[in-house]
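Engineer: Residue numbers (the numbering used here): 18 to 305. Dropping the structure in here first, questions after.
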């Protein structure tokens, strides 16, 4: 008689079962940092098991003082695909998060073209949100069509940084790009003293626009740009400001910029950028 599949939170003892999965991912970072993920207070991993074999793995990470939970790290054994294992694994994880104190939002970020993952999220009742275009400015000398101008004024005062974040009345991104690959709803719980101290704020000369640039590492080091309007090419000095920050951080591989769908359409020439396939953010606010 076939044993019923079950889900459990992973421990360090489950590493051999994870390594035995055939995922097709070479040098999987989840395997590489498994011990750190298991020991962390802000990450959890779960596995779907049947007869001692791990069929799928997934987990979540907590952000914003544990208010936001991002699902991710989903891998399935290719020998057991097309059996609904991703849904069978993620359903109890989402149910578990409903019981985790302080968690108010559960979401996931996936490629726009990843139809299987999007179907799973739909089955879980997680709502579709904004489409996000991740571009890395790699060759600024190839930029064209932008309005040139002076580098924007750097904001050093912590209270002024908070004031700028509070002053935002509209947000073309419809989210806050907290880290590379980790967008969340624009929420004050994400803005801590430490986070803002690590972020460089620049205010335009007319004080109508500001941009935040924070160094972030996702395999490579990036100047991660947070700009909440679609008028990148119309604002005098915007790109000069990005280049100035990059010059001050020469080890960075480029300026990672999150564009809305409209902002992406406004780019006259993509040759200066490394362009990723678009992503889409899913998420639900929890209702008690």
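Here a beta-carbon is modelled for each residue, glycine too, at the ideal position from N, C-alpha and C.
Hey, residue 298 and residue 162 are a contact pair by Cβ (cut 8 Å); roughly how many whole angstroms apart?
Structural biologist: Locating residue 298 in the chain shown gives position 281, counting from the first residue. Locating residue 162 in the chain shown gives position 145, counting from the first residue. Contact doesn't hold; Cβ gap of about 28 Å is too wide.
Engineer: I'd like the list of long-range same chain contacts for residue 59, defined as Cβ closer than 7 Å, with 5 residues on each side in sequence excluded.
Structural biologist: For this step, residue 59 is matched to residue 42 along the chain shown. 78, 79, listed in sequence order.
Engineer: If you count every other CB in all the chains shown that lies within 10 Å of the CB of residue 264, and 16 or more means buried, which is it?
Structural biologist: Translated into the one-based positions of the chain shown, residue 264 becomes position 247. Exposed, because fewer than 16 other Cβ atoms sit within 10 Å of the Cβ of residue 264.
Engineer: Per DSSP, which residues does residue 232 bridge with? Please list them.
Structural biologist: Along the chain shown, one-based indexing puts residue 232 at 215. Note: residue 232 sits in a beta bridge opposite 240.
Engineer: Kindly indicate which three-state DSSP category residue 179 falls into: helix, strand or coil?
Structural biologist: The residue you call residue 179 lines up with position 162 of the chain shown. Here residue 179 sits in helix by DSSP.
Engineer: Can you give the Cα-Cα distance for residue 52 and residue 114, rounded to whole angstroms?
Structural biologist: If you number the chain shown from 1, residue 52 lands on position 35. If you number the chain shown from 1, residue 114 lands on position 97. Roughly 22 Å between the two C-alpha positions.
Engineer: On the criterion of 16 or more Cβ atoms from any shown chain inside 10 Å, does residue 21 qualify as buried, or is it exposed?
Structural biologist: The residue you call residue 21 lines up with position 4 of the chain shown. By the neighbour-count rule (16 or more Cβ atoms within 10 Å), residue 21 is not buried but exposed.
Engineer: Starting from residue 109, trace the alpha helix (DSSP H) in both directions and tell me its first and last residue.
Structural biologist: In the chain shown, residue 109 corresponds to position 92, counting from 1. 102-114 is the span of the alpha helix (DSSP H), which, as asked, contains residue 109.
Engineer: What does the alpha-carbon distance come out to for the pair residue 18 and residue 68?
Structural biologist: The residue labelled residue 18 in the question sits at position 1 within the chain shown. The residue labelled residue 68 in the question sits at position 51 within the chain shown. Because the pLDDT of residue 18 is 45, which lies under 50, any placement of that residue in the model is unreliable, and the question is left without a value.
Engineer: Taking the CB atoms as reference points, tell me whether residue 76 and residue 61 lie closer together than 8 Å.
Structural biologist: To locate residue 76, count along the chain shown from 1; it is residue 59. To locate residue 61, count along the chain shown from 1; it is residue 44. Against a cut-off of 8 Å, the Cβ pair of residue 61 and residue 76 comes out as a contact.
Engineer: Is the beta carbon of residue 273 closer than 8 Å to that of residue 220?
Structural biologist: Stepping through the chain shown from its first residue, residue 220 is reached at position 203. Stepping through the chain shown from its first residue, residue 273 is reached at position 256. Taking 8 Å as the Cβ cut-off, residue 220 and residue 273 do not qualify as a contacting pair.
Engineer: In chain order, which continuous runs of the alpha helix (DSSP H) of length 4 or greater are located wholly inside the region 24-107?
Structural biologist: With a minimum length of 4 residues, the continuous alpha helix (DSSP H) runs that stay inside the region 24-107 are 32-36, 46-49, 51-56.
Engineer: Return the chain-ordered list of same chain residues with a C-beta closer than 6 Å to the C-beta of residue 155, the five sequence neighbours on each side being excluded.
Structural biologist: Position 138 of the chain shown holds residue 155. 271, 291, listed in sequence order.
Engineer: Could you check how far apart the C-beta atoms of residue 127 and residue 136 are, in whole angstroms? I think they sit under 8 Å.
Structural biologist: Along the chain shown, read from residue 1 onward, the residue named residue 127 stands at position 110. Along the chain shown, read from residue 1 onward, the residue named residue 136 stands at position 119. No, residue 127 and residue 136 are not in contact; Cβ-Cβ is about 11 Å, not under 8 Å.
Engineer: My output table needs one value for residue 291: the three-state DSSP class, helix, strand or coil.
Structural biologist: Within the chain shown, numbered from 1, the residue matching residue 291 stands at position 274. Note: residue 291 maps to strand in three-state DSSP.
Engineer: Hey, would you say residue 65 sits closer than 8 Å to residue 102, going by beta carbons?
Structural biologist: For this step, residue 65 is matched to residue 48 along the chain shown. For this step, residue 102 is matched to residue 85 along the chain shown. Yes, these two residues count as a Cβ contact at 8 Å.
Engineer: For residue 275, list the residues DSSP reports as bridge partners.
Structural biologist: Residue 275 sits at position 258 when you count from the first residue of the chain shown. Partner(s): 151.
Engineer: Label residue 178 either buried or exposed according to how many other C-beta atoms from any shown protein chain fall within 10 Å of its C-beta, with 16 as the threshold for buried.
Structural biologist: Here residue 178 is taken as the residue at index 161 of the chain shown, counted from 1. That one is buried.
Engineer: CB-CB under 7 Å to residue 251, same chain, minus the five flanking residues each way: which ones, in chain order?
Structural biologist: What you label residue 251 is simply residue 234 of the chain shown in a count that begins at 1. So the qualifying residues of the chain are 164.
Engineer: Decide if residue 94 is buried, meaning its Cβ has at least 16 other Cβ atoms within 10 Å, or exposed.
Structural biologist: Stepping through the chain shown from its first residue, residue 94 is reached at position 77. Result: buried.
Engineer: Based on Cα-Cα distance, which residue from 269, 56, 257, 247 lies nearest to residue 241?
Structural biologist: Numbered from its first residue, the chain shown carries residue 241 at position 224. Among 269, 56, 257, 247, the Cα nearest to that of residue 241 belongs to 269.
Engineer: Under 8 Å: do the region 276-284 and the region 116-123 share three or more Cβ pairs, one atom per stretch?
Structural biologist: With the cut-off at 8 Å, the region 276-284 and the region 116-123 do not touch.
Engineer: Between which two residues does the alpha helix (DSSP H) containing residue 214 stretch?
Structural biologist: On the chain shown, position 197 is the one that residue 214 refers to. Start and end: 210-214.
Engineer: Look at the Cβ atom of residue 203, then the Cβ atom of residue 296, and state whether they are nearer than 8 Å.
Structural biologist: Locating residue 203 in the chain shown gives position 186, counting from the first residue. Locating residue 296 in the chain shown gives position 279, counting from the first residue. Not a contact, by the Cβ cut-off of 8 Å.
Engineer: Under three-state DSSP, which class holds residue 262?
Structural biologist: Your numbering for residue 262 matches position 245 in the chain shown. It is helical.
Engineer: Would residue 192 be called buried (16 or more neighbouring beta carbons within 10 Å of its own) or exposed?
Structural biologist: Taking the first residue of the chain shown as 1, we reach residue 192 at position 175. Buried is the call here.
Engineer: Quick check on the DSSP output: the beta strand (DSSP E) that includes residue 297 runs from which residue to which?
Structural biologist: Residue 297 sits at position 280 when you count from the first residue of the chain shown. Its beta strand (DSSP E) spans residues 296-302.
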